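Numbered per the numbering used here, the sequence shown finishes at 708, counting up by one with no gaps. Even for Gly, the Cβ is constructed at its ideal location relative to N, Cα and C. As the structure is a prediction and not an experimental result, all values here were calculated from the model.
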Amino acid sequence: MSQERTAVRQRAEAVLRRLAGEDARLREDQWRAIEALVVDRRRVLCVQRTGWGKSAVYFVATALLREREESSGPTVIVSPLLALMRNQVDSAARAGIRARTINSANLDEWDEITAEIHAGAVDVLLISPERLNNPDFRDGVLPKLAATTGLLVVDEAHCVSDWGHDFRPDYRRLRTFLGNLPEQTPVLATTATANARVTQDVAEQLGDALVLRGSLDRESLRLGVLDLPSPAHRLGWLADHLDRLPGSGIVYTLTVAAATETAEFLRSRGWSVAAYTGQAEDADRRAAEQDLLDNKIKALVATSALGMGFDKPDLGFVVHLGAPPSPIAYYQQVGRAGRAVAHAEVLLLPGAEDMAIWRYFASLAFPPEEQVRAVLAALHPDRPLSTQALEPLVDLRRARLELMLKVLDVDGAVRRVRGGWLATGEPWTYDAARLRRVAAARTAEQQAMLRYASTTGCRMRYLRECLDDAEATDCGRCDRCATALFPPEVSPAALTAAHSFLGRPGVEIAPKKLWPTGLEAVGVPLKGRIAPAEQALPGRAVGRLSDLGWGGRLRDLVGPGAPDSTVPEDVAAAVIEVLKAWAHGDDPWPSRPVGVVAVDSRTRPVLVGSLAERIAAVGRLPLLGRVTSAGSRAADGPRGNSAQRVRALHGAFAVPEPLADTLAGLTGPVLLVDDLVDSGWTMTMAARELRHAGAPAVLPLALALAA
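In C-alpha cells, the structure reads:
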C-alpha cells in the first residue's frame with residue numbers, strides 16, 4: 002500500500018472510532034469502498050447485509066473528502082424514508098459531521114438549509130428521491146447542488162431497479178443527477194437486498210462501478226415459522242408468547258387495518274405496544290419510533306411503512322403476521338433485528354389471506370397501454386393539469402395515476418411543473434414485454450415466499466440463495482437446523498379473547514362531503530361541497546375486507562367472484578349486533594330508523610334483497626322499496642377513481658314514485674342497505690336521490706368496506 006493510501010486508512014480508522022467507539026475497526030470491504038471513493042474517485046456499489054456498516058462508509062468518506070478538499074461540496078444522500086433520515090442525522094453528529102435534511106416535514110426550513118449549503122456549512126444533505134423532481138427543488142436547488150456535490154450516496158439502491166422488490170420510479174431520476182455531476186465525483190450505492198439481477202442492473206446504471214458484495218448471513222438471527230390455523234390463533238399466540246421474545250421488537254402486518262387491530266388487541270391483553278402505518282400523522286409516527294428506541298414499549302406493530310431505514314441496533318425480535326410477497330422483502334425487514342445483540346428471534350406466522358392481499362397490491366402495477374395513452378392525450382404542452390384535474394378524464398385511481406405519471410416523467414414523456422403535469426411531445430414506447438417480465442418475476446417471488454414457509458431445509462440458507470449469495474450454507478440456528486424454540490399452542494384464555502375481539506362487528510362508513518375536482522369538464526354539473534340537504538349521515542358496516550376478523554368471511558360473500566346468495570345466518574346476526582351497537586354506542590344515530598330501502602344491485606340482488614328483508618323483519622320496520630338503477634352497465638362495480646365513479650353514477654339512480662310518495666311523509670331516517678362500499682359513491686349518489694325525494698335523513702348500512 003502506498004504512503005498516501007496508508008495515511009488515508011489511518012485517518013479513516015480515526016473517523017470511524019469517533020463515529021462508532023474506540024474499539025471500532027474498518028472491515029476490509031469498508032476500507033476498499035472508502036479507498037475507491039476518496040483516493041480513486043470511483044463509483045461503488047455495496048451489497049452487504051444489514052448491520053454491516055454501510056452508513057459508516059459514507060460518513061467516513063465524507064469526513065475525509067471534506068478534510069482533503071476544502072472546496073468539496075456536501076455529500077448528498079438520497080434516502081427513501083424519514084425514519085432513516087432522522088437516524089442518520091443523529092449518527093453524523095456523533096462523528097462531528099454537520100447533516101441536514103430537506104423533506105416534506107420541514108418545508109419552513111428549506112431556505113435556511115439552502116443558504117447553509119451555498120455557504121459550505123453543510124457536510125451531508127439527506128433528501129428523498131421524490132424531492133429530485135419537486136419543481137421548486139429541481140429548478141432552484143438541484144442545479145447548484147449537482148455542480149458542487151462532493152459525494153453522492155444512493156441508499157437502498159435496489160429501489161433504482163424495477164426488478165427490485167421495492168422499485169420506486171423517483172429513483173430513476175438519479176440518472177439525471179448522475180449526468181450533471183462534475184467529472185470524477187465519487188458515487189456510492191448501498192443495499193442489503195439485491196439479488197444478482199438487481200445488482201447487475203444497478204451497477205449498469207451507475208456505470209463502471211466497483212461492486213463489493215459480501216456474505217448475507219446474519220449470525221444473530223434465529224428464523225422460524227409457525228403455521229397457525231386462523232387470525233385468532235395468531236393474535237392469541239402473540240399475546241401468550243410476547244414475553245418470551247427478547248427485548249423490544251417489531252410486529253409486521255400486511256395491511257393498515259391489521260396493524261391497527263393487532264395493536265388494539267395486544268393493548269387489551271396488557272401489552273404496551275404502538276401502531277405504525279403510512280396513514281398515521283408524522284408526529285405520531287415519530288413518537289412511536291422514539292418509544293421503541295427508548296424501550297418504552299414492547300413492540301411497534303407496523304406495516305411496510307417501517308420497512309427501510311429504522312435503526313435500532315438492539316432490536317430483539319421481528320414477527321410477521323402475514324408473509325411479505327417476496328423472500329427479498331422479508332430478508333430486508335427481518336434484517337432490522339439483531340444488529341448489536343448476540344441473539345434475536347425472527348418468526349413468520351403466515352395467513353391464508355396473504356395471497357389475496359398480494360393480488361390486490363399487484364393490481365396496482367403499471368396500467369395497460371390504452372390508459373397510459375389516454376393520459377398522454379389529455380395533457381397539454383403548455384397548460385399544466387393537476388392529478389385531480391386528470392382524474393375525471395382517465396379511469397385510474399390516484400395512487401396508480403401518480404405512479405404512472407412518475408414513470409412517464411422519468412421516461413421524458415411528461416414533465417412535472419408548478420400546477421401539475423405537461424406533455425413534452427417526446428416519442429414514447431409502451432414496453433409491454435418488460436412489464437410482462439417484471440410481473441412474472443413478482444409472481445415467481447410470491448411462489449418463492451410460499452416455499453420459504455414450507456421448506457424442510459435451512460431457512461437462512463433459503464433466503465440467502467434467493468439473494469444469490471454464493472456463500473450460503475446451513476445456519477445451524479433456525480427451526481429446521483435446530484429444535485424449534487416456540488410451540489404452536491395457544492392458551493384457551495388468549496384464544497377466546499382473540500375470537501371475541503375479532504368477532505366484534507362494526508366499522509363506520511364516513512359520509513362524502515366534497516365532490517371530486519373537475520367534474521364540470523366532463524359534463525357533470527357538480528363541484529365544491531355536497532349540500533347538507535343531499536348528504537348521507539355516517540353509516541355502519543360489519544367490517545373491512547382487509548380485517549383480520551371479519552375480512553375472510555366477508556371476502557367469501559362480496560369479494561371478486563363471490564356468488565350471489567341469501568345472507569348467511571351468522572352474517573345476518575352480525576348485522577343485527579351492528580345495529581344494536583349503533584343505537585346504544587358512544588356515537589349513536591340521531592334517531593331510530595323508520596324504514597329500510599335497498600340499493601338496486603345488479604351483481605348481488607339476492608344478497609342485498611335478503612339482507613334488507615332480514616333487517617326490516619328483525620327491526621319491525623317497513624321495507625319501503627329500492628333505489629332503482631336507471632343507468633348503464635358502466636355504473637356497475639368499482640371505477641378507477643372518484644371522479645370516474647361519480648361520472649358513471651350521475652343520473653344512474655332513480656326513486657320510484659311509490660317510494661317517493663312514502664318518503665315525503667316520513668319523520669325519521671331510513672336505512673339504505675347495500676353489500677359493499679368501495680369508493681363510497683354508490684351510497685352517496687343513492688342517498689342524494691333519496692334526500693331529493695323527501696327522505697329526512699339517510700343512514701348507510703353495508704356488509705363490508707373494501708378498505
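C-beta contact flag for residue i and residue j at 8 Å
i	j	result
residue 526	residue 647	no
residue 99	residue 120	no
residue 576	residue 543	yes
residue 481	residue 473	no
residue 357	residue 556	yes
residue 700	residue 533	no
residue 54	residue 26	no
residue 676	residue 566	no
residue 157	residue 232	no
residue 545	residue 303	no
residue 684	residue 540	yes
residue 79	residue 130	yes
residue 264	residue 275	yes
Residues of its chain near residue i, where Cβ-Cβ distance is below 6 Å and the 5 sequence neighbours each way are ignored
i	result
residue 724	No statement about residue 724 is possible, as the shown extent of the chain runs from 2 to 708 and does not include it.
residue 59	154, 189
residue 371	none
residue 236	266, 499
residue 341	314, 315
residue 216	472
residue 181	147
Simplified DSSP state of residue i, which is helix, strand or coil
i	result
residue 541	strand
residue 636	Bear in mind that the predicted position of residue 636 carries a pLDDT of just 48, short of 50, making it unreliable; the figure below should be weighed with that in mind. Looking at residue 636 - three-state DSSP - the assignment turns out to be helix.
residue 630	strand
residue 321	strand
residue 563	coil
residue 472	coil
residue 160	helix
residue 346	strand
residue 168	coil
residue 491	coil
residue 102	strand
residue 154	strand
residue 284	helix
residue 256	coil
residue 251	strand
residue 246	coil
residue 515	strand
residue 410	helix
Boundaries of the beta strand (DSSP E) in which residue i is found, first to last residue
i	result
residue 25	Per DSSP, residue 25 belongs to no beta strand (DSSP E) and is neither H nor E.
residue 700	699 to 706
residue 204	Note, residue 204: premise wrong, no beta strand (DSSP E); alpha helix (DSSP H) at 197 to 207.
residue 421	421 to 424
residue 578	Premise fails: residue 578 lies in the alpha helix (DSSP H), 570 to 585, not in any beta strand (DSSP E).
residue 376	Careful: residue 376 lies outside any beta strand (DSSP E), inside the alpha helix (DSSP H) at 370 to 379.
residue 113	First-last for residue 113: 111 to 119, but that is the alpha helix (DSSP H), not the beta strand (DSSP E).
residue 68	No beta strand (DSSP E) contains residue 68, which is instead part of the alpha helix (DSSP H) from 55 to 69.
residue 509	508 to 510
residue 180	Careful: residue 180 lies outside any beta strand (DSSP E), inside the alpha helix (DSSP H) at 175 to 181.
Same chain, Cβ closer than 8 Å to residue i, five either side skipped, listed in chain order
i	result
residue 136	417, 418, 419
residue 714	With the chain covering 2 to 708 only, the question about residue 714 has no answer from this structure.
residue 529	515, 516
residue 382	423, 424, 425, 426
residue 76	59, 62, 63, 66, 124, 125, 126, 150, 151, 152, 153, 154
Range of the contiguous alpha helix (DSSP H) that encloses residue i
i	result
residue 453	433 to 455
residue 463	460 to 467
residue 616	606 to 620
residue 41	No alpha helix (DSSP H) holds residue 41; DSSP gives it neither H nor E.
residue 227	Note, residue 227: premise wrong, no alpha helix (DSSP H); not H, not E.
residue 663	658 to 665
Residue from the options whose Cα sits closest to the Cα of residue i
i	options	result
residue 197	379, 530, 470, 426	470
residue 159	175, 147, 615, 652	175
residue 475	619, 456, 490	456
residue 389	441, 641, 687	641
residue 478	381, 344, 431, 394	344
residue 412	395, 610, 373	373
residue 401	330, 170, 615	170
residue 1	296, 299, 306	This structure leaves residue 1 out entirely; the chain is present only between 2 and 708.
residue 209	609, 605, 45	45
Min CB distance residue i to chain D below 8 Å
i	result
residue 436	Any reference to chain D falls outside this structure, which holds one protein chain only.
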